[in-house]
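Everything in the sequence shown is counted per full-length UniProt numbering, starting at 1 for the first residue and increasing by one.
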Amino acid sequence: MSPITVAKFGGTSVADFQAMSLSAQVVENNPSTRLVIISACSGVTNLLVELANGVDAARQQALLSQLQQIHYSILDDLQQGDSVKSDIDALLDDVATLAKTAAMASSVQTTDALVACGELLSTHIFAQLLRERGNNAARFDIRDVMRTDDQFGRAQPQLEAIRELVQSQLAPLCQQQMIVSQGFIGRDAQGNTTTLGRGGSDYSAALLAEAIDAGTLEIWTDVPGIYTTDPRIAPKAGPIAEISFSEASEMANFGAKILHPSTLIPAIRQQIPVFVGSSKAPEQGGTWVRKSADSSPLFRALALRNNQTMVTLHSLNMFHAYGFLAEVFKILAKHRISVDLITTSEVSVALTLDKTDTSGGAPQLPAAALEELSELCRVEVEQNLSLVALIGNQMSHTKGASKAVFETLEDHNIRMICYGASTHNLCFMVSADEAKEVIQKLHEALFE
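Here's what the structure looks like:
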């Protein structure tokens, strides 16, 4: 059998019956598509996260009613929706039970069990829709093969175990029929449900594409490919036909919501081409992400990441000393805090916190970590910041590359700059209130 295509559909692509029907048509248009990975219906994960945070009985009932309405409205449009209604009701009962548990004592383990229900619900409905359209399709619980550790909220996949389980359990099924399964969720060695972190559905699809030796990975969303920046911010932003793995990785890492930051890692390992397109307008084409692109412009795109947290550490003990940063990162590692950007001076170091779990808002510095760091140095925590990243090629090796950027931004206060560690990016922090204006100015100056 020739290499299969793994197709992943985001929440907006399965938001309602019409969106699901368009996604089903996309699947049917490619006979190589044998594994379909879908997210929860649009908005569902947010409702589940709120339940997981613990709410009173009245709010709990309102959220449960919203969840029921979202899924029942799609069932009503199916010809044989009753055939999966019992599965939907059973999962909604599970949600209600878990919500009561969370209201009494919220935990990361309960949160994972709750938010996982979104994908479990949507896959029942989408598999049924495919069957009603005449496809030989079956639903598969991805937790049976997506083995992770027990780091709830941001579980780490166990690659060898995943490949072994996929090859023995999932690959044979894909040769017989079309399989519909979930992104984002997994299971640890003790059988507990885990999640790969917010946005982890893309990552799941890439891990499965790698494990099943796929020929292509398709990521279907609500926009026709990767743009030079978010067109909702800069209306003249345009689509990019082809982009390299390196450029796309930088874009994803620095906030371009079209791809999850981890998505491309498995694809890069196996050199699997990735296509990004719109399930609502597949005829518009999309973006191919490959090992290398035909063109490598100095400036490729702009990315914006909001809700940033910057931590600045001050200590005279840093001056001409060694071991200070080692102590800092020892504390951060102890508390499982992932650092994103970092800059240093003689007596201070500024770093930003990486956002990897399923909770909303900006990353937080845990109180215990703050206490330990405060014993080492003076600590300042600053929020209400946004990160702007300019993505391109050989920027730090090209004369004048940064001049055009900073001349454009001479009226704005830049809080932190990272440049030179990668030839593919120049990034900096600005006030969240100025972020969109900064993107607009840079896009006009560099791309329009």
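All C-beta atoms, glycine included, are put in the ideal place defined by N, C-alpha and C.
Distance between beta carbons of residue j and residue i, contact taken as under 8 Å
{"i": "residue 351", "j": "residue 381", "result": "Incorrect: roughly 11 Å between the Cβ atoms, too far for contact."}
{"i": "residue 341", "j": "residue 416", "result": "7 Å"}
{"i": "residue 56", "j": "residue 17", "result": "Actually they do not touch by this definition, with Cβ atoms about 32 Å apart."}
{"i": "residue 195", "j": "residue 112", "result": "5 Å"}
{"i": "residue 99", "j": "residue 159", "result": "The pair is not a contact, with the Cβ atoms about 33 Å apart (cut-off 8 Å)."}
{"i": "residue 281", "j": "residue 389", "result": "Actually they do not touch by this definition, with Cβ atoms about 27 Å apart."}
{"i": "residue 6", "j": "residue 205", "result": "6 Å"}
{"i": "residue 385", "j": "residue 432", "result": "6 Å"}
{"i": "residue 225", "j": "residue 239", "result": "5 Å"}
{"i": "residue 247", "j": "residue 424", "result": "6 Å"}
{"i": "residue 300", "j": "residue 393", "result": "7 Å"}
{"i": "residue 418", "j": "residue 309", "result": "Not confirmed; about 15 Å, so no contact."}
{"i": "residue 185", "j": "residue 119", "result": "6 Å"}
{"i": "residue 96", "j": "residue 64", "result": "6 Å"}
{"i": "residue 223", "j": "residue 292", "result": "Their Cβ separation, rounded to whole angstroms, is 24 Å, which puts residue 223 and residue 292 out of contact at 8 Å."}
{"i": "residue 132", "j": "residue 176", "result": "Contact doesn't hold; Cβ gap of about 19 Å is too wide."}
{"i": "residue 408", "j": "residue 441", "result": "5 Å"}
Unbroken beta strand (DSSP E) run spanning residue i, endpoints
{"i": "residue 259", "result": "Counting along the chain, residue 259 falls outside any beta strand (DSSP E), and DSSP gives it neither H nor E."}
{"i": "residue 214", "result": "Looking at the DSSP string, residue 214 is not in any beta strand (DSSP E), and its letter there is neither H nor E."}
{"i": "residue 350", "result": "348-353"}
{"i": "residue 34", "result": "33-38"}
{"i": "residue 9", "result": "5-9"}
{"i": "residue 290", "result": "286-290"}
{"i": "residue 193", "result": "193-195"}
DSSP state of residue i mapped onto helix, strand, coil
{"i": "residue 187", "result": "strand"}
{"i": "residue 339", "result": "strand"}
{"i": "residue 300", "result": "strand"}
{"i": "residue 206", "result": "helix"}
{"i": "residue 275", "result": "strand"}
{"i": "residue 161", "result": "helix"}
{"i": "residue 178", "result": "strand"}
{"i": "residue 266", "result": "helix"}
{"i": "residue 108", "result": "helix"}
{"i": "residue 140", "result": "coil"}
{"i": "residue 318", "result": "helix"}
{"i": "residue 365", "result": "coil"}
{"i": "residue 324", "result": "helix"}
{"i": "residue 358", "result": "Here residue 358 scores only 47 on pLDDT, less than 50, and its place in the model should not be relied on; the value that follows carries that caveat. Looking at residue 358 - three-state DSSP - the assignment turns out to be coil, as it is neither helix nor strand."}
{"i": "residue 59", "result": "helix"}
{"i": "residue 167", "result": "helix"}
{"i": "residue 200", "result": "helix"}
{"i": "residue 487", "result": "The requested residue 487 does not occur in the structure, where the chain is confined to residues 1 to 448."}
{"i": "residue 14", "result": "helix"}
{"i": "residue 156", "result": "coil"}
{"i": "residue 451", "result": "Outside the displayed span of the chain (1 to 448) sits residue 451, for which this structure offers no information."}
{"i": "residue 78", "result": "coil"}
{"i": "residue 69", "result": "helix"}
{"i": "residue 371", "result": "helix"}
{"i": "residue 295", "result": "coil"}
{"i": "residue 249", "result": "helix"}
{"i": "residue 382", "result": "strand"}
Delimiting residues of the alpha helix (DSSP H) encompassing residue i
{"i": "residue 104", "result": "82-104"}
{"i": "residue 123", "result": "117-132"}
{"i": "residue 242", "result": "Where residue 242 is concerned, there is no enclosing alpha helix (DSSP H), although the beta strand (DSSP E) it sits in stretches over 242-244."}
{"i": "residue 45", "result": "44-52"}
{"i": "residue 27", "result": "17-28"}
Min CB distance residue i to chain D below 8 Å
{"i": "residue 331", "result": "Here there is only one protein chain, and chain D is not present."}
Count the C-beta pairs between the stretch 85-93 and the stretch 27-44 that are closer than 8 Å, then say yes if the count reaches three, no if not.
no
Enumerated in chain order, which unbroken segments of the alpha helix (DSSP H) with a length of 4 residues or greater are wholly contained in the UniProt domain "Aspartokinase ACT" (388-446)?
401-408, 435-446
The stretch 213-220 / the stretch 142-162 touching (three or more Cβ pairs under 8 Å)
no
Are the stretch 177-187 and the stretch 117-137 touching, with three or more C-beta to C-beta distances below 8 Å?
yes
So does the stretch 228-248 actually touch the stretch 19-30, counting three or more Cβ pairs closer than 8 Å?
no
Can you find at least 3 beta carbon pairs, one from the stretch 328-339 and one from the stretch 264-279, that sit closer than 8 Å?
no
Does the count of Cβ pairs from the stretch 31-40 and the stretch 6-13 closer than 8 Å reach three?
yes
For the stretch 159-174 against the stretch 201-217, are there 3 or more C-beta pairs whose distance is under 8 Å?
yes
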